[in-house]
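See below for the structure under consideration.
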Amino acid sequence: MADVRITNSGAAALTFHPPTAEVPRPAAGAPAVIVMPGGGYTFLAPHEGKPVAQWLNQLGFAAWVLEYPVGPQDFHPAPLDSARAAMREARSQAPGLGVDPSRIGVLGFSAGGHLAAHLAAGPDTADDERPAFAVLCYPATSWHTFGPAAVGEPDSDPLLGPGSTPEQRRAVSIELIAVPQTPPTFIWHCADDDTVGVDHALSLTRRLASLRVPVELHVFPTGGHGVGLAQDMTPAGTWTSLCAQWLRRTTATASGAKDTGR
179 MADVRITNSG AAALTFHPPT AEVPRPAAGA PAVIVMPGGG YTFLAPHEGK
229 PVAQWLNQLG FAAWVLEYPV GPQDFHPAPL DSARAAMREA RSQAPGLGVD
279 PSRIGVLGFS AGGHLAAHLA AGPDTADDER PAFAVLCYPA TSWHTFGPAA
329 VGEPDSDPLL GPGSTPEQRR AVSIELIAVP QTPPTFIWHC ADDDTVGVDH
379 ALSLTRRLAS LRVPVELHVF PTGGHGVGLA QDMTPAGTWT SLCAQWLRRT
429 TATASGAKDT GR
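Sequence positions in the sequence shown follow the numbering used here and run 179 to 440.
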């Protein structure tokens, strides 16, 4: 399927990747995930896009890769608006693609993890835009404690733009704004991440747990940042098998199917 334009500027695109695994599917269709690569809201990391969609396809999940707007002309809320539009578009496309529109989740890395978390947990997300589940990979969720703006260089904020204020940064910090409607969430991070500290994952997990949102957190001792699928890495590379098990449990519950635990 060709890229689908989802913003008037043409700065965002949604590309579909069908499942490749032969697995039993309910009549409603396969579960699916919108993948949001990282890149610090300044670029999109290729290894966190198509390869991740292909991994999901091998699990029997359909996937879309979202190329959301980044760079100096596309500050907040442009990325979030594109994510909202992407979810609406994916649910619109779903029946014709053999996808269950009620089982479409999001998976994001780093800045893409922030974007996925904002869509999943934000108080202003509409019902038809909120995903059914969320996977957050070393997400930069606590914006008021992160980045050059947080340490006194507000002209360098890659999300909010020049002159961002503490109030604006708090308003996009997910551990401060998450709501009880947040869907089940899987989070993983590395304790030695010097780019986006593990406190981002810990603080968001605490917030979601306090809201009684089903949340699963894995912290690996080593691995750093930006490792994507982390193939051939130990122990961080085990995140994919842990996540695959969680995805099967979560989407089976969502569809009313029996969870075999496999």
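Even glycine gets a Cβ: it sits at the ideal position worked out from N, Cα and C.
Sequence-distant residues of its chain with Cβ nearer than 8 Å to residue i (five each side left out)
{"i": "A272", "result": "G207, A210, D278, P279, I282"}
{"i": "P224", "result": "P215"}
{"i": "A379", "result": "L314, Y316, P317, T319, I365, W366, H367, L395, V397"}
{"i": "W417", "result": "C315, W366, H396, F398, A408"}
Short Cβ contact (8 Å threshold) for residue i with residue j
{"i": "S351", "j": "H396", "result": "no"}
{"i": "T383", "j": "V374", "result": "no"}
{"i": "Q359", "j": "R390", "result": "no"}
{"i": "L354", "j": "V230", "result": "no"}
{"i": "G290", "j": "P196", "result": "no"}
{"i": "G402", "j": "D371", "result": "yes"}
{"i": "A264", "j": "N235", "result": "no"}
{"i": "A312", "j": "T363", "result": "yes"}
{"i": "S334", "j": "A327", "result": "yes"}
Beta-carbon proximity list for residue i, same chain, < 7 Å, skipping 5 on both sides
{"i": "E245", "result": "A190, A191, L222"}
{"i": "G276", "result": "G207, A208"}
{"i": "R348", "result": "H322, L354"}
{"i": "G249", "result": "T220"}
{"i": "T428", "result": "F311, P362"}
{"i": "L420", "result": "H396"}
{"i": "R266", "result": "D306, E307"}
{"i": "A422", "result": "L237"}
Candidates the options, of which the one nearest residue i by Cα
{"i": "Y316", "options": "H254, R427, L285, Q359", "result": "L285"}
{"i": "R262", "options": "A298, A387, A241, R390", "result": "A298"}
{"i": "Q251", "options": "P340, A349, V213", "result": "P340"}
{"i": "L338", "options": "G218, P362, H378, F239", "result": "G218"}
{"i": "A268", "options": "H254, P336, W417, I212", "result": "I212"}
{"i": "A310", "options": "P361, A304, A356", "result": "P361"}
{"i": "G274", "options": "G300, F253, A240, Q232", "result": "A240"}
{"i": "V357", "options": "Q346, V405, E345, A304", "result": "A304"}
{"i": "H254", "options": "Q423, K228, G404, Q346", "result": "Q346"}
Same chain, Cβ closer than 6 Å to residue i, neighbours up to 5 away in sequence not counted
{"i": "A295", "result": "L314, P317, T319, I352"}
{"i": "L293", "result": "M214, P257, A261, G286"}
{"i": "F324", "result": "A318"}
Per-residue DSSP class, three states only, for residue i
{"i": "G217", "result": "coil"}
{"i": "A205", "result": "coil"}
{"i": "E245", "result": "strand"}
{"i": "S174", "result": "An answer regarding residue 174 cannot be provided, because it is not within the stretch 179 to 440 covered by the chain."}
{"i": "E394", "result": "strand"}
{"i": "G291", "result": "helix"}
{"i": "R281", "result": "strand"}
{"i": "L314", "result": "strand"}
{"i": "V211", "result": "strand"}
{"i": "A199", "result": "coil"}
{"i": "H403", "result": "coil"}
{"i": "T363", "result": "strand"}
{"i": "L192", "result": "strand"}
{"i": "G300", "result": "coil"}
{"i": "A369", "result": "coil"}
Residue i classed as buried or exposed, judged by whether at least 16 other C-beta atoms fall within 10 angstroms
{"i": "V201", "result": "exposed"}
{"i": "D302", "result": "exposed"}
{"i": "L425", "result": "buried"}
{"i": "E226", "result": "buried"}
{"i": "D306", "result": "exposed"}
{"i": "S288", "result": "buried"}
{"i": "G238", "result": "buried"}
{"i": "P336", "result": "buried"}
{"i": "A414", "result": "buried"}
{"i": "L386", "result": "buried"}
The ligand SAH heavy atom lying under 7 Å from the CB of residue i
{"i": "P358", "result": "The ligand SAH is not among the ligands present in this structure, which contains no ligands whatsoever."}
C-beta neighbour in chain B for residue i, strict 8 Å
{"i": "F311", "result": "In summary, chain B is missing from the structure at hand, where a single protein chain is found."}
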